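As structure tokens, the structure follows; a few thoughts come after it.
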Amino acid sequence: MNETLSSVMLGVTEGITEFLPVSSTGHLIVTSKLLGVEDSGGTFEIVIQLGAVLAVIWHYRHDLFTQARGVSRPEVKRQWGSILLAFLPAAVLGLLFSSWITQHLFSVPTVATALIVGGILMLVAESLSYRVSTREVGQVRPLQALMVGGMQCLALIPGMSRSATTIIGGMFAGMDRSTATAFSFYLSIPTLGLATLYALVKNLSALQDGQLLSMLIGMVSAFFMALLAVGWLLRYVSKHNFRVFAWYRILFGGLLLSLTLMGVLA
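So the sequence shown is numbered by the numbering used here: it starts at 244 and just counts up by one.
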């Protein structure tokens, strides 16, 4: 029962934080340590992301079905061409350095520092005046996509947040908040989906039956919570900015650093 409860809690944490710009990886690392789960930053945390990816697919199911039926249309090719361009930089770096990142960067001090730095970046993004040239995901240009892809590379650092870096990158590139957020969600489909499948295939032989059941429980929990989070965030950004998330990151990062210095979190 304790293992089941831990899986549910990790899934809920993943679902809530994956698409909010607060770092799901960072929160999973901290939650894992509080629960005493030894797989912190490992296969379990990566695989349950599939639940969050499925939530995005479900949220956009009608649009995706329409696009699949009209895959030859120029606007559909343009949209998914931009998504592919944005996907490639982090995919290449992730393949090259994933093992090193897992060994050296999955720690509470790294997460805390990245949370603070990311929060500051969000405040900077909200304070700058920039020209909005793109108000629909289908209008994202290749150069804008590459800028988002470059920013997504920062998300390889635990605590930076894939959602935060891609949304900020989109805003810097000239997208409005809603478009940058939606583009970030679409980008999560290949980014998180392929990362999850890669981790699962790579570590399949080392998994036990009990772990597979725990992953399934975590994925289901993540799916339902992520579905709520995606809908809520899209409604939120249509009327609000990201400053509240920036200050949350800074305060939470400062708290984690303080707890680490006091020896509460190793």
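For every residue, glycine included, the Cβ atom is placed at its ideal position computed from N, Cα and C. From a predicted model like this one, the values you see are computed outputs, not experimental measurements.
{"Query": "Same chain only: Cβ atoms within 6 Å of THR268, ignoring 5 sequence neighbours per side", "Result": "PRO401"}
{"Query": "Counterpart residues of THR260 in DSSP-defined beta bridges", "Result": "None; THR260 has no bridge partner."}
{"Query": "Reference PRO264, options ILE460, LEU499 and SER427, closest by Cα", "Result": "SER427"}
{"Query": "Contact with chain B by HIS305, beta-carbon distance below 8 Å", "Result": "In the displayed structure, chain B is absent; only one protein chain is listed."}
{"Query": "The stretch 476-489 / the stretch 412-432 touching (three or more Cβ pairs under 8 Å)", "Result": "yes"}
{"Query": "GLY294 beta carbon less than 8 Å from that of GLU246", "Result": "no"}
{"Query": "THR377 - partner residues in DSSP beta bridges", "Result": "MET418"}
{"Query": "Contact check, THR503 vs VAL255, beta carbons under 8 Å", "Result": "no"}
{"Query": "Enclosing alpha helix (DSSP H) for HIS270 [first to last residue]", "Result": "267-278"}
{"Query": "Same chain only: Cβ atoms within 6 Å of MET462, ignoring 5 sequence neighbours per side", "Result": "ILE291, LEU293 and GLY294"}
{"Query": "Contact set for ILE289: own chain, Cβ-Cβ below 7 Å, skip 5 residues either direction", "Result": "ALA438, THR439 and ALA442"}
{"Query": "Host alpha helix (DSSP H) of HIS302 (start-end)", "Result": "292-302"}
{"Query": "ARG492 in three-state terms, based on DSSP", "Result": "helix"}
{"Query": "Which of helix, strand or coil DSSP assigns to ASN446", "Result": "helix"}
{"Query": "Helix, strand or coil at PRO401 according to DSSP, with G and I counted as helix", "Result": "coil"}
{"Query": "Contact under 8 Å by Cβ, LEU471 with LEU399", "Result": "no"}
{"Query": "Whole-Å CB distance - LEU498 paired with VAL354, under 8 Å assumed", "Result": "That pair is no contact at about 11 Å."}
{"Query": "Own chain partners of TYR429 with C-beta closer than 8 Å, once the 5 adjacent residues on each side are dropped", "Result": "VAL299, TYR303, GLN322, ILE326 and VAL380"}
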